Amino acid sequence: MKIDISKEILFKTARSGGKGGQHVNKVETMVEGRWHILQSNFITDEQKNLIYEKLKNKINAEGFLLVKSQQSRTQLGNKDLVIKKLNDLVNMAIQKKKIRIATKTPNAVIEKRIDLKKQQSAQKQIRKKINPQDYS
């Protein structure tokens with residue numbers, strides 16, 4: 001189940017940095033998307049807690065999830081990227097981790113390991129120095 005939060009995202013624009021000459025200095029193409037988690041109507045309280053846990057480093061003090069984009073040369077392109085990033089982050093965060101079921105080690109694997117240990121032990125016994133007192 002995918003959640004689309006694009007209707008609740010607040011956008012703010014600013015001038016992008018980087019290459020572009022005069023164009024960069026006069027056009028606001030960087031887009032910052034803000035989504036207030038607690039005021040959202042699209043997700044449950046349990047999902048809000050999951051998002052807070054998993055994305056705490058991207059959430060500011062006011063409770064907004066922040067994402068920026070300045071990859072595209074157009075404001076509209078960056079806006080689309082911000083929407084995609086936020087939706088992907090939220091959908092990834094609300095996924096519950098699958099519980100791993102521990103399995104028993106097969107008997108064949110245990111026997112193979114013991115056989116290898118016996119072979120290693122025999123090899124080391126052959127390499128030992130001969131003690132004359134053992135043959136008296």
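Residue numbers for the sequence shown follow the numbering used here, beginning at 1 and rising by one. We put the beta carbon where it would ideally sit given N, CA and C, even for glycine. Here the structure is a predicted model, which means the values were calculated and not measured.
Every unbroken stretch of the alpha helix (DSSP H) spanning 4 or more residues and falling wholly within the stretch 95-136 is given here in chain order: 107-127. Along the length of the stretch 21-52, whole beta strand (DSSP E) runs at least 3 residues long occupy 30-36, reported in chain order. Our two residues, residue 109 and residue 119, have alpha carbons roughly 15 Å apart in a direct line. In this structure, the straight-line span from the alpha carbon of residue 9 to that of residue 100 is close to 35 Å. Listed in chain order, the non-local C-beta contacts of residue 74 below 8 Å within the same chain comprise 29, local neighbours out to five positions each way being set aside. Contact check for residue 66 against residue 15 fails: the beta carbons are separated by 8 Å or more.
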